[in-house]
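By the working numbering, the letter at position 248 of the sequence shown is numbered 279, and the numbering carries on one by one without gaps. Backbone N, C-alpha and C define an ideal beta-carbon position, used for all residues, glycine too. This structure is a prediction, so every number in the text was calculated from the model and none was measured. Report on one structure; see the data block that follows.
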Amino acid sequence: MMYKSGVVALVGSPNVGKSTLVNSLLGQKIAIVSSKPQTTRDAQRGILTTENAQVIFVDTPGVLRPNYVLDRTMLAIARSAVQDADVVLWIVDVAKKPSNEERRIAKLIEQTNSSAAVYLAMNKSDLLKPENVINHTNIYRSLCDKAIWMLVSAKRGDNVERVKKDIIDLMPEGPKYYENDEITDKTIRELSGELLRESALYYLRHEIPHGIAVLVEEFIEKEDGKIEIIATLVVENNRHKGVVIGKNGSMIKAIGIRARREIEKMIEQPVNLQTFVKVKADWRNDNYQLKHMGY
32 MMYKSGVVAL VGSPNVGKST LVNSLLGQKI AIVSSKPQTT RDAQRGILTT
82 ENAQVIFVDT PGVLRPNYVL DRTMLAIARS AVQDADVVLW IVDVAKKPSN
132 EERRIAKLIE QTNSSAAVYL AMNKSDLLKP ENVINHTNIY RSLCDKAIWM
182 LVSAKRGDNV ERVKKDIIDL MPEGPKYYEN DEITDKTIRE LSGELLRESA
232 LYYLRHEIPH GIAVLVEEFI EKEDGKIEII ATLVVENNRH KGVVIGKNGS
282 MIKAIGIRAR REIEKMIEQP VNLQTFVKVK ADWRNDNYQL KHMGY
C-alpha cells in the first residue's frame, strides 16, 4: 500500500474551535484553547502519523480584519498556509449563520489556492438547534460548492474520527517527514510559553488578553530533573500591568500556578516557574518588538 502525506491548513474566524479540533484530531493538546479571539497567533503544526499516512495540520490564526501590524502578520500567516496546503480544512461555527467574515474566508480560499481540496467542518454541532440544521448547513455549503462537508463537535468528539479518515483519504502519495513520536514542530520551551499565555487568557478580560505576549527568558533543566522557567508577560501600558499583577500579586500568582500545572502535565516533570510583567508600549505595532517576540 502506498504511503500518503501532506499538509492541511486549518482556517476559520476567531473562536470557531480550530485549536480544539486540531487537539481532538491529534488526540492530545498541542494548541492552546480559549474563548477569547486571537488565541492562535502563529502557524502551529500538529503531526498525525498512522501506519500508512502522515498528516501535517497547520493551525493558523483566526482570520480577521487587521487593525495592528500583528494582525496583518497573522493574516499573512493564514494566507501562506492556505497557499501551501494540499487540503484546506475550513472550520465554521454551524450554530450561527455565516457572517461577512466567513464570506471573506471563502474568497480567500478560492483566490489563494484554487487547486486544494476543501473540507468544511461545521463545528459546534452540539449547539445547533434542530430547526436550524438544514438552513445553516445549506448556507455554508453554498459558500464553497466544491467543499466536502461534515457536521462535527470538536468539544464532544462527534465525527472527529470521520473527519480524520476523510482527510487521510484526501492526502497525496508522499514520504514520511517526521518520526512516529513527533506530534508538533514546536519545542517544549515554545509550548511552555503558549501555556503561560493560555493561562493569562483564562483569567484576564476585555482588551488586556489581546495586548499580552510571552517571552520565555530562561528554560533550564536542573540536575535534579526539575525544569526552571523564567518568563515575562509583556503588556502595552502600566494600567494593564497593574491588572495582570493584581492586588498583592494575586492575579500573576494565579496565572503562574495554572500555567505551571499545565506545563508539568505536558512534560511530566516538576517545574519552577517565575513570571514577571513588563511594559512595551504599543508592541503590536512595533516591527522590532514583533520580531523579537517571534512573530
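Where the beta strand (DSSP E) containing residue i begins and where it ends
i	result
N154	A148 to N154
E14	As displayed, the chain neither begins before 32 nor continues past 326, which places residue 14 out of reach and without an answer.
K49	Careful: K49 lies outside any beta strand (DSSP E), inside the alpha helix (DSSP H) at K49 to L57.
R76	Q75 to T80
I3	What the structure shows of the chain is the stretch from 32 to 326, and residue 3 is not part of that stretch, so it cannot be assessed.
Counted within 10 angstroms of its Cβ, other Cβ atoms place residue i as buried (16 or more) or exposed
i	result
V39	buried
M33	exposed
K155	buried
F307	exposed
R72	Per-residue confidence for R72 stands at a pLDDT of 48, beneath the threshold of 50, marking its modelled position as unreliable; the derived number appears in the next sentence. Flag for R72 reads buried.
D124	buried
A312	exposed
K35	buried
L255	The residue you asked about is not Leu; residue 255 is Asp in the sequence shown. It is exposed - the Cβ of D255 has fewer than 16 other Cβ atoms within 10 Å.
Q59	exposed
V310	exposed
In DSSP terms, what residue i is bridged to
i	result
T306	A262
W314	Paired residue(s): none; W314 is not in a bridge.
A40	V89 and V119
E204	K35
D124	N154
Spatially closest choice to residue i from the options, by CA coordinates
i	options	result
Q300	F307, R315, L321 and K253	K253
L227	I294, D117, I199 and G242	I294
K217	N163, C175 and M297	M297
Q305	G242, V274, E229 and G224	G224
I170	I140, E133, S146 and A147	E133
I198	K186, V89 and L120	L120
E249	W180, S50, A290 and I261	I261
A148	E141, K127, V118 and P129	V118
V47	K186, G287 and K138	K186
Q85	G43, I179 and K196	K196
I61	I87, S281 and K127	I87
K138	N163, K177 and K160	K177
E141	N131, W180 and V113	V113
R270	S146, N166 and G242	G242
L201	L264, S146, I288 and V275	S146
Residue interval of the alpha helix (DSSP H) (run including residue i)
i	result
D197	V191 to L201
L174	V164 to L174
K278	No alpha helix (DSSP H) contains K278, which DSSP labels as neither H nor E.
Taking contact to mean 3 or more Cβ pairs, one atom from each stretch, closer than 8 Å, check whether the segment 74 to 89 and the segment 210 to 217 are in contact.
Touching, yes, given that three or more Cβ pairs across the two stretches are closer than 8 Å.
Contact the segment 228 to 235 vs the segment 187 to 194: 3+ CB pairs below 8 Å:
no
Pairs of beta-carbons, one from the segment 157 to 175 and one from the segment 42 to 59, closer than 8 Å: are there three or more?
The segment 157 to 175, when compared against the segment 42 to 59, does not touch it at the 8 Å Cβ threshold.
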